[in-house]
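*Asks:* The structure's right below; bear with me while I get my questions together.
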Amino acid sequence: MWVIAGLGNPGTRYRHTRHNVGFMVIDNLAARYGIKLKSGRVSDGGNGVIEGREVLLIKPLTYMNLSGTAIRDVMKYNADTTVVVHDDIDMDTGRLKLKRGGSSGGHKGIQSIIDCTGYRDFLRIKLGVGRDHSVAVEEYVLSGFSRAEATVIEEVIQRAVDALACVVVEGIDSCMNRFNGKCN
Numbered sequence: 001m002w003v004i005a006g007l008g009n010p011g012t013r014y015r016h017t018r019h020n021v022g023f024m025v026i027d028n029l030a031a032r033y034g035i036k037l038k039s040g041r042v043s044d045g046g047n048g049v050i051e052g053r054e055v056l057l058i059k060p061l062t063y064m065n066l067s068g069t070a071i072r073d074v075m076k077y078n079a080d081t082t083v084v085v086h087d088d089i090d091m092d093t094g095r096l097k098l099k100r101g102g103s104s105g106g107h108k109g110i111q112s113i114i115d116c117t118g119y120r121d122f123l124r125i126k127l128g129v130g131r132d133h134s135v136a137v138e139e140y141v142l143s144g145f146s147r148a149e150a151t152v153i154e155e156v157i158q159r160a161v162d163a164l165a166c167v168v169v170e171g172i173d174s175c176m177n178r179f180n181g182k183c184n
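Residue numbers (the numbering used here): 1 to 184.
The structure is reproduced here in structure tokens:
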């Protein structure tokens, strides 16, 4: 079974922020494949099927910096088939990158997962949300998108949904060349 976790912060205050693109991808993935997400104690989640493969979708409700506590138990049994979807301020808005492993790159949600699981080789889909160096990082990631950015983000979210369907069927290696890069 594939586990797909989208990182973000719970609550309407954060719904449309840069830090919540992981949640946005999960919501779009669930809608496309008819997967119902149910509220749980530490995460919203739901089981379903994507292209004939069983999946578990997860949106941790622990706030970004504690994401690892919400997915560590499921990663014990599915570490090699877990994909974490998250924002990346060091990538231009609209870029998408699939990768396996590596450091957290300063992303506190990813660092929490590494710290809680002791595992860093999980699959990741990073969505670029850009960066404004005149604004503190913490403030920037909790800000919304401009109108122009919102259009680009919607496109990259749909591309991420396509990439996830590819990954669960074909694995990450064959999907990297197809999906890494900027939306057209």
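Even glycine gets a Cβ: it sits at the ideal position worked out from N, Cα and C.
So, helix, strand or coil for A81, using DSSP?
*Replies:* According to the sequence shown, residue 81 is Thr rather than Ala. T81: helix per DSSP, three-state reduction.
*Asks:* DSSP state of R53, grouped into three classes?
*Replies:* strand
*Asks:* Out of curiosity, what's the CA-to-CA distance linking N28 and D173?
*Replies:* Cα to Cα, the separation comes out at about 23 Å.
*Asks:* Should the segment 155-169 be called in touch with the segment 135-144, which here means at least 3 C-beta pairs below 8 Å?
*Replies:* At 8 Å Cβ cutoff, the stretches do not touch.
*Asks:* Use the C-beta contact count for K59: other C-beta atoms within 10 angstroms, 16 or more gives buried, fewer gives exposed.
*Replies:* buried
*Asks:* Applying the criterion that 16 or more other CB atoms from any shown protein chain within 10 Å of the CB defines a buried residue, is R124 buried or exposed?
*Replies:* With 16 or more other Cβ atoms within 10 Å, it is buried.
*Asks:* Check whether the segment 118-136 and the segment 66-86 touch, using three or more Cβ-Cβ pairs below 8 Å as the test.
*Replies:* yes
*Asks:* Quick check: what's the CA-CA separation for D92 versus G130?
*Replies:* 4 Å
*Asks:* Which residue from A5, Y14, L7 puts its Cα closest to that of Y140?
*Replies:* Y14
*Asks:* Return the Cβ separation of S25 and T69 in integer angstroms, given the expectation that the two are a contact with Cβ distance under 8 Å.
*Replies:* Here residue 25 is Val; the residue named in the question, Ser, does not match the sequence. That belief does not hold up - the Cβ atoms of V25 and T69 are roughly 21 Å apart, past 8 Å.
*Asks:* For T117, name the three-state secondary structure that DSSP assigns.
*Replies:* helix
*Asks:* Given A180, which residues of its chain have a CB within under 7 Å of its CB, disregarding the five upstream and five downstream residues?
*Replies:* Contrary to the premise, residue 180 reads as Asn rather than Ala in this sequence. Around N180: L96, K97, L98.
*Asks:* Which word fits D88, buried or exposed, when buried means at least 16 other C-beta atoms lie within 10 angstroms of its C-beta?
*Replies:* D88 comes out buried.
*Asks:* Going straight from the alpha carbon of E138 to that of D132, what length do you get?
*Replies:* 11 Å
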